[in-house]
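Peer 1:
Protein chains: 2
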Amino acid sequence: MKKPTRTAAGDAFSHFSISVIRLAAHLTAAGDMLAKPSGQTSARWQVLAAASHASMSVAEIGRVLGLARQGVQRIADLLEKEGLVRYEENPAHQRAKLLMLTLEGETVLRDIQIRQASWADSLGAAVNAQDLRLTTETLTRLLEQLSAPKPLGG
Amino acid sequence: MKKPTRTAAGDAFSHFSISVIRLAAHLTAAGDMLAKPSGQTSARWQVLAAASHASMSVAEIGRVLGLARQGVQRIADLLEKEGLVRYEENPAHQRAKLLMLTLEGETVLRDIQIRQASWADSLGAAVNAQDLRLTTETLTRLLEQLSAPKPLGG
DNA sequence: TTCATATTGACAACATATTGTCATTCTGTA
DNA sequence: TACAGAATGACAATATGTTGTCAATATGAA
Numbered sequence: 303m304k305k306p307t308r309t310a311a312g313d314a315f316s317h318f319s320i321s322v323i324r325l326a327a328h329l330t331a332a333g334d335m336l337a338k339p340s341g342q343t344s345a346r347w348q349v350l351a352a353a354s355h356a357s358m359s360v361a362e363i364g365r366v367l368g369l370a371r372q373g374v375q376r377i378a379d380l381l382e383k384e385g386l387v388r389y390e391e392n393p394a395h396q397r398a399k400l401l402m403l404t405l406e407g408e409t410v411l412r413d414i415q416i417r418q419a420s421w422a423d424s425l426g427a428a429v430n431a432q433d434l435r436l437t438t439e440t441l442t443r444l445l446e447q448l449s450a451p452k453p454l455g456g
Numbered sequence: 303m304k305k306p307t308r309t310a311a312g313d314a315f316s317h318f319s320i321s322v323i324r325l326a327a328h329l330t331a332a333g334d335m336l337a338k339p340s341g342q343t344s345a346r347w348q349v350l351a352a353a354s355h356a357s358m359s360v361a362e363i364g365r366v367l368g369l370a371r372q373g374v375q376r377i378a379d380l381l382e383k384e385g386l387v388r389y390e391e392n393p394a395h396q397r398a399k400l401l402m403l404t405l406e407g408e409t410v411l412r413d414i415q416i417r418q419a420s421w422a423d424s425l426g427a428a429v430n431a432q433d434l435r436l437t438t439e440t441l442t443r444l445l446e447q448l449s450a451p452k453p454l455g456g
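Protein sequence lines correspond, in order, to chains U and Z. If you're matching positions, the first sequence starts at 303 in our numbering and goes up one per residue. If you're matching positions, the second sequence starts at 303 in our numbering and goes up one per residue.
In C-alpha cells, the structure reads:
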C-alpha cells in the first residue's frame with residue numbers, strides 16, 4: 303500500500319512550519335518596536351545593518367539578506383531620501399553604487415542596536431542557551447536544505 | 303559596570319531571529335509552490351485549512367491564525383468570489399457569518415494537503431525527528447513568551 | 001574587437017499584512 | 001429596557017515583499 307496522505311514526520315513538520323512562520327511574524331513585530339523610537343522599521347534596520355557591515359551594492363545586500371533586490375532598492379531609496387545612507391561611486395561598477403551609512407545613519411543604527419541588545423538578552427535568557435544553540439543549528443540546516451534543493455528525486 | 307550593548311546571549315538570539323525570519327520566508331515560498339497547482343497561495347491555503355477545521359467567522363480565523371481580521375477578510379472574500387468558500391448564516395451573530403468550504407473548496411484543500419504531506423515528509427526526514435521535536439518546543443516556548451509579554455520588569 | 005550572457009537599477013503590477021477609522025451588531029450590567 | 005463597551009465587517013492608507021520587464025552596464029569567450 304502507498305503512503306497515507308498524512309504521516310507522523312510530515313505532521314510534525316507542519317506543526318514546526320506553523321511555529322516558524324508565526325514566530326517570524328512576532329520577531330518582525332518586535333523589530334519594528336525596537337526600531338520605532340528611531341523612526342525606523344525592521345526592514346530599514348536590516349538594510350542599515352547590512353550597509354554598516356560592509357560596503358555593498360543594493361543587489362549584494364539583497365543576496366545577503368535573502369531578499370529580491372527590488373525590495374531592497376525601495377528601502378535604500380527611502381533611507382537615502384532621509385539622509386541615513388548615501389550612494390557612493392563604485393570603482394568596480396558604474397551603475398551598482400555602494401550603499402554607505404551617513405553619520406546620522408550610524409547613530410540611528412547604534413541606537414536601535416542598543417535597544418535590541420537588552421531585548422535579546424531578556425528573551426535569550428528565557429530559553430536555555432544550549433536549546434537556543436541547538437535550535438539555531440536545526441534552523442540553519444533546514445535553511446541550507448531549502449536554499450539548495452536537490453535536483454530531482456533526491 | 304553596566305551591561306555592554308552586545309552580549310553573548312543577545313548575540314546568539316540575533317542569529318536565531320535572523321534564521322527564523324529567513325526560514326519563514328522559505329517556508330511560505332514552499333507553501334506557495336505547493337498551493338500553486340491548485341491555483342492557490344499560502345495565505346489562501348491557511349484560510350481554507352482554518353475554515354475546514356471548524357466553522358468560524360472571519361474574525362475568529364484571524365485570531366486562530368494570529369493575523370489581523372482585515373487581512374483574513376480580504377482573502378475570504380477572494381475565496382468566496384472563486385467559489386471555494388461560502389458565507390453561512392450564523393445563528394449566534396447577525397453580522398459575523400460563518401465561513402464554510404464548498405465542495406470545490408474541499409477538493410482544492412485536499413489536493414494541496416496531499417502535496418504538502420509528501421513534501422513535509424521529505425524535508426522532515428532531512429532532520430532528526432528528535433531535533434525537530436526539540437526545536438518546535440523551543441519555538442513554541444518563545445511564541446508563548448512573545449504572545450504574553452510580562453507586564454514590566456518581569 | 002565582437003558578441004552572447006549575466007548583472008544591475010528602474011519601473012510596474014500584484015500579494016500579503018498591518019494600523020486606523022467608522023457604523024453596525026452583540027453582550028452584559030444596571 | 002437602556003446604555004456602555006466589545007466585537008465585527010467595511011474601507012482606506014501604508015509597509016513589505018515578490019515577479020516580470022526593460023535598458024544600461026559588466027564579463028568572458030571566440
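All C-beta atoms, glycine included, are put in the ideal place defined by N, C-alpha and C.
Do you know how far the Cα of isoleucine 323 of chain U is from the Cα of glycine 455 of chain Z?
Peer 2: Caution applies to glycine 455 of chain Z, whose pLDDT of 33 falls short of 50 and renders its modelled position unreliable; the model cannot decide the point.
Peer 1: Histidine 317 of chain U versus chain Z: which residues are under 7 Å apart at the beta carbon?
Peer 2: Those within 7 Å of histidine 317 of chain U in chain Z are Thr438.
Peer 1: Against chain U, does glutamine 372 of chain Z count as a neighbour if the rule is that its beta carbon must be under 8 Å from one of theirs?
Peer 2: Judged by the 8 Å Cβ criterion, glutamine 372 of chain Z is not in contact with chain U.
Peer 1: Counting Cβ pairs closer than 8 Å, one from the stretch 316 to 330 of chain Z and one from the stretch 427 to 442 of chain U, do we hit at least three?
Peer 2: At 8 Å Cβ cutoff, the stretches touch.
Peer 1: With a cut-off of 8 Å on the beta carbons, I'd call glutamine 348 of chain U and leucine 329 of chain U a contact; round off their distance for me.
Peer 2: With a Cβ gap of about 12 Å, glutamine 348 of chain U and leucine 329 of chain U do not count as contacting.
Peer 1: Does the stretch 421 to 430 of chain U touch the stretch 371 to 387 of chain U, meaning 3 or more C-beta pairs lie closer than 8 Å?
Peer 2: The answer is no - the stretch 421 to 430 of chain U does not touch the stretch 371 to 387 of chain U, with fewer than three Cβ pairs under 8 Å.
Peer 1: DSSP has asparagine 430 of chain Z in a bridge; who is on the other side?
Peer 2: Answer by DSSP bridge pairing: none, since asparagine 430 of chain Z is not bridged.
Peer 1: Considering only heavy atoms of the ligand SAM, does any lie closer than 7 Å to the CB of arginine 397 of chain Z?
Peer 2: Here there are no bound small molecules, and the ligand SAM is not part of this structure.
Peer 1: By the three-class DSSP mapping on this structure, what secondary structure does glutamate 406 of chain U have?
Peer 2: The answer is helix: DSSP assigns glutamate 406 of chain U an H, G or I state.
Peer 1: What residue range does the beta strand (DSSP E) around glutamate 390 of chain U cover?
Peer 2: 387 to 392 is the extent of the beta strand (DSSP E) around glutamate 390 of chain U.
Peer 1: Does alanine 378 of chain Z come within less than 8 Å of chain U when only Cβ atoms are used?
Peer 2: Taking Cβ atoms only, chain U never reaches closer than 8 Å to alanine 378 of chain Z, which makes this a no.
Peer 1: Strictly by DSSP, which residues pair up with leucine 350 of chain U?
Peer 2: None; leucine 350 of chain U has no bridge partner.
Peer 1: Would you kindly report the start and end of the unbroken alpha helix (DSSP H) that includes lysine 383 of chain U?
Peer 2: Looking at the DSSP string, the run of the alpha helix (DSSP H) that includes lysine 383 of chain U is 371 to 383.
Peer 1: How far does the alpha helix (DSSP H) with glycine 364 of chain U in it extend, from its first residue to its last?
Peer 2: Looking at the DSSP string, the run of the alpha helix (DSSP H) that includes glycine 364 of chain U is 360 to 367.
Peer 1: Does methionine 335 of chain Z pass the burial test, meaning 16 or more other C-beta atoms within 10 Å, or should it be called exposed?
Peer 2: The residue in question, methionine 335 of chain Z, is exposed, as its Cβ has fewer than 16 Cβ neighbours within 10 Å.
Peer 1: So which of Z:Ala353, Z:Phe315, Z:Arg412 and Z:Ala326 has the shortest CA-CA distance to phenylalanine 315 of chain U?
Peer 2: It is Z:Ala326 whose Cα lies nearest to the Cα of phenylalanine 315 of chain U.
Peer 1: Let me know the secondary structure DSSP gives alanine 356 of chain Z once reduced to three states.
Peer 2: In the structure shown, alanine 356 of chain Z sits in coil (DSSP, three-state: anything other than H, G, I, E or B).
Peer 1: Pull up the distance between the alpha-carbon of alanine 403 of chain U and that of alanine 331 of chain U, whole angstroms please.
Peer 2: This sequence places leucine at residue 403 of chain U; alanine is not what is there. Going from the Cα of leucine 403 of chain U to the Cα of alanine 331 of chain U covers about 24 Å.
Peer 1: Under 8 Å, Cβ to Cβ, is there at least one residue of chain Z near leucine 433 of chain U?
Peer 2: Residue 433 of chain U is actually aspartate in this sequence, not leucine. Closer than 8 Å: yes.
Peer 1: If you draw a straight line from the C-alpha of isoleucine 363 of chain U to the C-alpha of arginine 346 of chain U, how long is it?
Peer 2: Roughly 12 Å separates the two Cα atoms.
Peer 1: When you compare only the Cα positions, how much space is there between aspartate 413 of chain Z and arginine 376 of chain Z?
Peer 2: Approximately 23 Å, taken between the alpha carbons.
Peer 1: Could you check whether valine 360 of chain Z and leucine 386 of chain Z sit closer than 8 Å to each other, using their CB atoms as the reference points?
Peer 2: Not in contact: leucine 386 of chain Z and valine 360 of chain Z (Cβ atoms no closer than 8 Å).
Peer 1: In angstroms with no decimal places, state the Cα-to-Cα distance between leucine 444 of chain U and glycine 333 of chain Z.
Peer 2: Roughly 15 Å separates the two Cα atoms.
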